Amino acid sequence: MNSFKPLLKVNSNKTFIQSIVDKLNQVCVEVIIVTGFKSKEIENNLFEIENKEKIKFVFNSNYKSGMFTSLRTGLTESNTKWNLYHFIDQPGLAHNFYTDFIKQIDDEFNWIQPTYNKRKGHPILFDTQIKELILRSNDNTTLRDVSMYKSIKKKFWECDTELIFQDIDTLNDFEQLKNSHEQT
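Listed below in structure tokens is the structure:
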């Protein structure tokens, strides 16, 4: 798909990024948005959002090297015990998903991941121990690589939505998303 996903409009004429940030603002102490390509357009798009004092923009000059570099860039600015790592492809997750998800935080675990029918999805919650593992990793590492470390204590939370698998890569994916929002 050739369109720039963060600025695609869905549900109530909000863009993907507006829809996600609106919900994260209600459950997170801070919202760090890592930008690269079209960073000013993203910042301008969020100019009028409520609770913008919680939002921090961080530019990843190495964004062409992949998502892991963006994750690392954002984590360098994080000041919280827990981090919620979110993809732009999931604007359809409902507010109650997030409130239920953060209720899963348990200090016996350092990685919390939603599942649906026992299949793992996103977003992911992880604590400062995982944050440090990610920050010490090199740019060729992936989050999947990090998830294999033996020091990780995972909790899988069976949620009630398959939107944790949402991935908007084609025009057909986008049309399905828009149609699902028109029906709700």
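Count the sequence shown with the working numbering and you get residues 13 to 196, in order. Glycine included, every Cβ here is placed at the ideal spot set by N, Cα and C. Small disclaimer: the values here were computed from a predicted structure and weren't measured.
Of all the options the options, which has the alpha carbon lying nearest to the alpha carbon of residue i?
i, options, result
"PHE28", "LYS50, ILE54 and ILE44", "ILE54"
"GLU120", "LYS165, GLY86, LEU155 and ASN25", "LYS165"
"SER4", "LEU183, GLU42 and SER51", "No answer is possible for residue 4: it lies beyond the span of the chain, which begins at 13 and ends at 196."
"PHE177", "LEU105, THR88 and SER31", "LEU105"
"LYS143", "VAL22, LYS93 and VAL46", "LYS93"
"LYS76", "THR47, ASP139 and GLU89", "THR47"
"LEU175", "PHE80, ILE67, TYR128 and ASP34", "TYR128"
"GLU89", "TYR110, PRO103, ILE67 and ARG131", "ILE67"
"PHE168", "ASN184, HIS134, SER82 and GLN38", "HIS134"
"LEU87", "ILE124, LEU145 and LYS35", "LEU145"
"LYS115", "ASP172, ILE32 and VAL39", "VAL39"
Return the CA-CA distance between residue i and residue j, expressed in angstroms with no decimal places.
i, j, result
"PRO126", "ARG84", "22 Å"
"GLN30", "MET160", "33 Å"
"ASN91", "VAL41", "9 Å"
"ILE100", "PRO18", "6 Å"
"GLU194", "GLU187", "Confidence in GLU194 is poor, its pLDDT being 47 and thus under 50, which makes the residue's placement too unreliable to answer from."
"ILE136", "ASN95", "8 Å"
"LYS21", "SER149", "35 Å"
"PHE69", "GLN141", "23 Å"
"GLU170", "GLY78", "29 Å"
"PHE113", "ASP179", "19 Å"
"ASN108", "ILE44", "21 Å"
"ASP181", "SER15", "9 Å"
"THR196", "ASN25", "Interpretation of THR196 is limited by its pLDDT of 46, a score under 50 that renders its predicted location unreliable; the figure taken from the coordinates is listed afterwards. Going from the Cα of THR196 to the Cα of ASN25 covers about 14 Å."
"ILE117", "ASP157", "22 Å"
"GLU60", "THR111", "24 Å"
Residue i by DSSP, collapsed to three states: which one?
i, result
"TYR97", "strand"
"GLN195", "No answer about GLN195 holds up, because its pLDDT of 43 lies below 50 and its placement is not dependable."
"GLY48", "strand"
"ILE1", "Absent from the structure is residue 1, since the part of the chain shown begins at 13 and ends at 196."
"GLN38", "helix"
"PHE113", "helix"
"PHE186", "helix"
"GLU60", "coil"
"LYS165", "coil"
"THR81", "helix"
"GLU170", "strand"
At least one CB of chain B closer than 8 Å to the CB of residue i: is that the case?
i, result
"GLU144", "Absent here is chain B; the protein component of the structure consists of one chain."
Alpha helix (DSSP H) runs wholly inside the segment 123–155, at least 4 long, in chain order: Runs found: 140–148.
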